[in-house]
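Asks: Sequential numbering from 1 applies to the sequence shown in UniProt numbering.
We put the CB at the ideal spot given by N, CA and C, even for glycine.
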Amino acid sequence: MSQMLQPSRVAQQTGYRRPNRLESAKAAGLIDVSLFEDADYPAPLVLPNDEIDFDPEYPPQSFSDWQKHITPMSLPFKRTKIYLVPPPGWTEKASFSYRNEWPHRHLLPPGSESIVEYLAAFYDRFEVLQLRKEKLTFDEWIEEGEAEQSQSFVALNTGTESIRIRKRPMPNKGRGFQLNLNDLLDGAIAVLPDDALALILLMDFDLYEDDDDDFVCGRAYGESHPARDNDIEVDFEHFWPASHCATYVEDQVDKYIEKPATKSGRKGQTEAKTSTTEPSMPLRMAIDAYKPSSHRSAWLNRVCRTASHEIGHCLGLDHCMYYACIMQGSATMAEDLRQPPYLCPIDDAKLNTLIATRGNASVGSTANREQALLAFTKQYQQGSGSAAFRAWLEARQKQRANKTLASADGSPNENTSADVDSSRSKAKKRIVTSSEELRRSKRLVSRSC
Numbered sequence: 001m002s003q004m005l006q007p008s009r010v011a012q013q014t015g016y017r018r019p020n021r022l023e024s025a026k027a028a029g030l031i032d033v034s035l036f037e038d039a040d041y042p043a044p045l046v047l048p049n050d051e052i053d054f055d056p057e058y059p060p061q062s063f064s065d066w067q068k069h070i071t072p073m074s075l076p077f078k079r080t081k082i083y084l085v086p087p088p089g090w091t092e093k094a095s096f097s098y099r100n101e102w103p104h105r106h107l108l109p110p111g112s113e114s115i116v117e118y119l120a121a122f123y124d125r126f127e128v129l130q131l132r133k134e135k136l137t138f139d140e141w142i143e144e145g146e147a148e149q150s151q152s153f154v155a156l157n158t159g160t161e162s163i164r165i166r167k168r169p170m171p172n173k174g175r176g177f178q179l180n181l182n183d184l185l186d187g188a189i190a191v192l193p194d195d196a197l198a199l200i201l202l203m204d205f206d207l208y209e210d211d212d213d214d215f216v217c218g219r220a221y222g223e224s225h226p227a228r229d230n231d232i233e234v235d236f237e238h239f240w241p242a243s244h245c246a247t248y249v250e251d252q253v254d255k256y257i258e259k260p261a262t263k264s265g266r267k268g269q270t271e272a273k274t275s276t277t278e279p280s281m282p283l284r285m286a287i288d289a290y291k292p293s294s295h296r297s298a299w300l301n302r303v304c305r306t307a308s309h310e311i312g313h314c315l316g317l318d319h320c321m322y323y324a325c326i327m328q329g330s331a332t333m334a335e336d337l338r339q340p341p342y343l344c345p346i347d348d349a350k351l352n353t354l355i356a357t358r359g360n361a362s363v364g365s366t367a368n369r370e371q372a373l374l375a376f377t378k379q380y381q382q383g384s385g386s387a388a389f390r391a392w393l394e395a396r397q398k399q400r401a402n403k404t405l406a407s408a409d410g411s412p413n414e415n416t417s418a419d420v421d422s423s424r425s426k427a428k429k430r431i432v433t434s435s436e437e438l439r440r441s442k443r444l445v446s447r448s449c
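#1: Can you tell me whether L207 is buried or exposed, with buried defined as 16 or more other CB within 10 angstroms of its CB?
#2: Under 8 Å Cβ to Cβ from C245, same chain only, skipping five residues before and after it: list those, please.
#3: Can the beta-carbon of Y323 be found less than 7 Å from the beta-carbon of C344?
#4: To which residues of the same chain is G312 closer than 6 Å at the C-beta, ignoring the five residues directly before and after it?
#5: Can the beta-carbon of L300 be found closer than 7 Å to that of P110?
#6: Between Y41, R296, N368 and K135, which has its C-alpha nearest G89's C-alpha?
#7: Which residues mark the beginning and the end of the alpha helix (DSSP H) in which Y118 is found?
#8: Using a Cβ-Cβ cutoff of less than 8 Å, which residues in the same chain neighbour K81 once the five nearest sequence positions on both sides are dropped?
#9: In whole angstroms, what is the alpha-carbon distance linking G187 and L156?
#10: Would you kindly work out how many angstroms separate the C-alpha atoms of S162 and R302, rounded to a whole number?
#11: Mapping the DSSP letters down to three states, classify R132 as helix, strand or coil.
#12: Would a C-beta distance cut-off of 7 Å place A307 and L119 closer than the cut-off?
#13: Classify S95 as buried or exposed, calling it buried when 16 or more other Cβ atoms lie within 10 Å of its own Cβ.
#14: Identify, in the order they occur along the chain, each residue of the same chain with its Cβ nearer than 8 Å to the Cβ of E113, setting aside the five sequence neighbours on each side.
#15: Out of L374, A375, D318 and F376, point me to the one whose CA is closest to L351's CA.
#16: Go ahead and pull the three-state DSSP assignment for K81.
#17: How many Å lie between E355 and D348 at the Cα?
#18: Reducing DSSP to helix, strand and coil, say where S162 ends up.
#19: Could you tell me the distance, in whole angstroms, from the CA atom of S152 to the CA atom of W392?
#20: Looking only at C-alpha atoms, which of A334, D211 and L202 sits nearest to E310?
#21: Helix, strand or coil, according to DSSP, for R168 in the structure here?
#22: Tell me the rounded alpha-carbon separation between L185 and Y256.
#23: Just to confirm, does S162 get its C-beta within under 6 Å of one of the non-hydrogen atoms of the ligand MG?
#24: Quick one: Cα of S297 to Cα of E144, how far?
#25: Taking the C-alpha atoms as reference points, what is the distance between F205 and L108?
#26: Starting from E51 and walking both ways along the alpha helix (DSSP H), at which residues does that stretch end?
#27: Could you have a look at E127 and say whether DSSP puts it in helix, strand or coil?
#28: Can you name, in chain order, every residue of its own chain whose Cβ lies under 7 Å from the Cβ of R396, other than the five neighbours on each side?
#29: Please classify E57 as buried or exposed, where buried requires at least 16 neighbouring CB atoms within 10 angstroms.
#30: Round the Cβ separation of A121 and A334 to the nearest angstrom and send it over; I've been treating them as touching at under 8 Å.
#31: Near P7, which residues of its chain fall below 7 Å by C-beta distance, leaving aside the five closest residues on each side in sequence?
#32: Hey, out of D183, F36, V191 and R164, whose CA is closest to T158's CA?
#33: What are the boundary residues of the alpha helix (DSSP H) that includes D347?
#34: What separation, rounded to the nearest whole angstrom, lies between the Cα atoms of P86 and R132?
#35: Rounded to whole angstroms, what is the Cα-Cα separation between C320 and A11?
#36: Name the DSSP bridge partner or partners of D139?
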């Protein structure tokens, strides 16, 4: 199968210009341009209706841009831990009250313990901890002066206060309901520990942010944007890494771009154009190991990818415009599933530097992080998504054995300060508005997880 390592023809039509190797090296603060071969780190695919297709001029965040963005006030050095909060439970009374709205589930969600293990590997050298599930609990919301619970809200109890969470019926008229993401974020901030570098709250219900959303996948305070998705067909055969199949890419482009006419004047099928660069060994190994995932393994892979992306935003990483990267923005569910689970060299350099500024310069490295992820994929061998990522990581290890990658593993610049503090006033019972005000003050761009 021919690999697509460059952007598709859509990039030319939409006006996206990918930075060249030298520009990418400069953006990462590194000198060795050999680390930025397309064979090792392919370009964004830029298919029709992808985020870059909608916003090709979104400003890329270089290493120096990131350094300016983070400050000791935004990421105090005392904050060293990443917390994960499992999906909140429901009181017995609330479970009974909303029993007729409860969604039918044919598959149990992935365990939070495995997600903690993945994040501990992805953010190697940061301490990743799980807060007690009892920290947050859903209950009935009863308006003052009313005798019965509200049908438009539920309560999220933190132990010290009760926060009103908006809920609405499923847009497709199906069984179940959706909870408002902005309100839930206020609940997450309410339980944010003083030493938290980031906190992520898992939910096992559909979420929405705006009235016109079908649903959203993830949200983080900082540079992230909401995930929005229309009714689309998701190609389960072409999740990453199979998304880099040249024939698949050309087929997707041909659906939206008029096919060139043949000499006879008839419009013919576009021949898949292979990349001019040498094939990627890590990508080839990943593709060879890939098979469509089971629903259970796909769910775990997706939650892990979304969580690692959103935590990246909490650390100041913006959407990546340089490479196919876990920090790419995405406008649809299909695009999100086409993206890789790894960090590109530029975002990798940012994370290494953040580790170095916290006194771990000798251990914070790309090689250590990839080794930790490799151990995770070997432990959770079920599912082709894990197998493909494991093959990619093993190929990277072989590359390291064949050439020196010391420049990529070191910290590009030690003169970096660091990023996100949040404070919250406590009240026994209140209606949240701060998330909405923050959302309105920010430029929103469709994004996934």
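Replies: Put simply:
#1: Numbered from 1 along the sequence shown, position 207 holds the residue referred to as residue 207. Buried, by the Cβ-count rule.
#2: Here residue 245 refers to the residue found at position 245 when the sequence shown is read from its first residue. Answer for C245: M1, S2, Q3, M4, H238 and I287, listed in chain order.
#3: Taking the sequence shown and counting its residues from 1, one reaches residue 323 at position 323. Taking the sequence shown and counting its residues from 1, one reaches residue 344 at position 344. Contact flag set, yes.
#4: To locate residue 312, count along the sequence shown from 1; it is residue 312. So the list reads M327, once near-sequence residues are dropped.
#5: Within the sequence shown, numbered from 1, the residue matching residue 300 stands at position 300. Within the sequence shown, numbered from 1, the residue matching residue 110 stands at position 110. Yes, they are a contact pair.
#6: What you label residue 89 is simply residue 89 of the sequence shown in a count that begins at 1. Of all alpha-carbon atoms in Y41, R296, N368 and K135, the one lying nearest the alpha-carbon of G89 is that of K135.
#7: To locate residue 118, count along the sequence shown from 1; it is residue 118. Note, Y118: alpha helix (DSSP H), S112 to F122.
#8: Here residue 81 corresponds to residue number 81 of the sequence shown, with the count starting at 1. The answer, listed in chain order, is F126, E127, V128, L129, P193, D195, A196 and L197.
#9: Taking the sequence shown and counting its residues from 1, one reaches residue 187 at position 187. Taking the sequence shown and counting its residues from 1, one reaches residue 156 at position 156. Going from the Cα of G187 to the Cα of L156 covers about 7 Å.
#10: In the sequence shown, counting from the first residue as 1, residue 162 sits at position 162. In the sequence shown, counting from the first residue as 1, residue 302 sits at position 302. Cα to Cα, the separation comes out at about 30 Å.
#11: If you number the sequence shown from 1, residue 132 lands on position 132. In this structure, R132 counts as coil in the three-state DSSP scheme.
#12: Here residue 307 refers to the residue found at position 307 when the sequence shown is read from its first residue. Here residue 119 refers to the residue found at position 119 when the sequence shown is read from its first residue. Contact flag set, yes.
#13: For the purposes of this step, residue 95 is taken as residue 95 along the sequence shown, with counting starting at 1. When all chains shown are included, S95 counts as exposed.
#14: Counted from its first residue, the sequence shown places residue 113 at position 113. Only Q130 meet the Cβ criterion.
#15: Here residue 351 refers to the residue found at position 351 of the sequence shown. If we check each option's Cα against that of L351, D318 comes out closest.
#16: As a first step, residue 81 is located in the sequence shown; it is residue number 81 there, counting from the start. Residue state, collapsed to three classes: strand.
#17: Your numbering for residue 355 matches position 355 in the sequence shown. Your numbering for residue 348 matches position 348 in the sequence shown. One point to set straight first is that residue 355 is Ile, not Glu, in the sequence displayed. Using only the alpha carbons, I get a separation of about 11 Å.
#18: For this step, residue 162 is matched to residue 162 along the sequence shown. Shown here, S162 sits in a strand according to DSSP, grouped into three states.
#19: Position 152 of the sequence shown, counting from 1, holds the residue named residue 152. Position 392 of the sequence shown, counting from 1, holds the residue named residue 392. C-alpha separation (whole angstroms): 46 Å.
#20: Residue 310 sits at position 310 when you count from the first residue of the sequence shown. When only C-alpha atoms are compared, the closest one is L202.
#21: Numbered from 1 along the sequence shown, position 168 holds the residue referred to as residue 168. DSSP places R168 in strand when its eight states are reduced to three.
#22: Locating residue 185 in the sequence shown gives position 185, counting from the first residue. Locating residue 256 in the sequence shown gives position 256, counting from the first residue. Cα to Cα, the separation comes out at about 38 Å.
#23: Inclusion of the ligand MG in the displayed structure is not the case, the ligand content being empty and no account of it being possible.
#24: For the purposes of this step, residue 297 is taken as the residue at position 297 of the sequence shown. For the purposes of this step, residue 144 is taken as the residue at position 144 of the sequence shown. Approximately 44 Å between the Cα atoms of the pair.
#25: If you number the sequence shown from 1, residue 205 lands on position 205. If you number the sequence shown from 1, residue 108 lands on position 108. Approximately 12 Å, taken between the alpha carbons.
#26: Here residue 51 is taken as the residue at index 51 of the sequence shown, counted from 1. Counting along the chain, the alpha helix (DSSP H) containing E51 begins and ends at E51 to F54.
#27: Your numbering for residue 127 matches position 127 in the sequence shown. Strand, per DSSP.
#28: Start at 1 with the first residue of the sequence shown, and residue 396 comes out as number 396. Cβ neighbours of R396 beyond the five flanking positions: P282 and E370.
#29: As a position in the sequence shown, residue 57 is number 57, starting the count at 1. When all chains shown are included, E57 counts as exposed.
#30: Position 121 of the sequence shown, counting from 1, holds the residue named residue 121. Position 334 of the sequence shown, counting from 1, holds the residue named residue 334. Contact between A121 and A334 fails: their C-beta atoms lie close to 27 Å from each other, not under 8 Å.
#31: Mapped onto the sequence shown, residue 7 falls at position 7. Excluding residues within five positions, the ones whose Cβ falls inside 7 Å are Y16, R18, A43, P44, L45 and V46.
#32: In the sequence shown, counting from the first residue as 1, residue 158 sits at position 158. Out of D183, F36, V191 and R164, V191 has the C-alpha closest to the C-alpha of T158.
#33: Counting from one through the sequence shown, the residue named residue 347 turns up at place 347. Here the alpha helix (DSSP H) through D347 covers P345 to I355.
#34: Residue numbering aside, residue 86 sits at position 86 when the sequence shown is read from its first letter. Residue numbering aside, residue 132 sits at position 132 when the sequence shown is read from its first letter. Looking at the two C-alpha atoms, the distance is approximately 8 Å.
#35: Residue 320 sits at position 320 when you count from the first residue of the sequence shown. Residue 11 sits at position 11 when you count from the first residue of the sequence shown. Their Cα atoms are separated by approximately 15 Å.
#36: Along the sequence shown, one-based indexing puts residue 139 at 139. According to DSSP, D139 bridges with A155.
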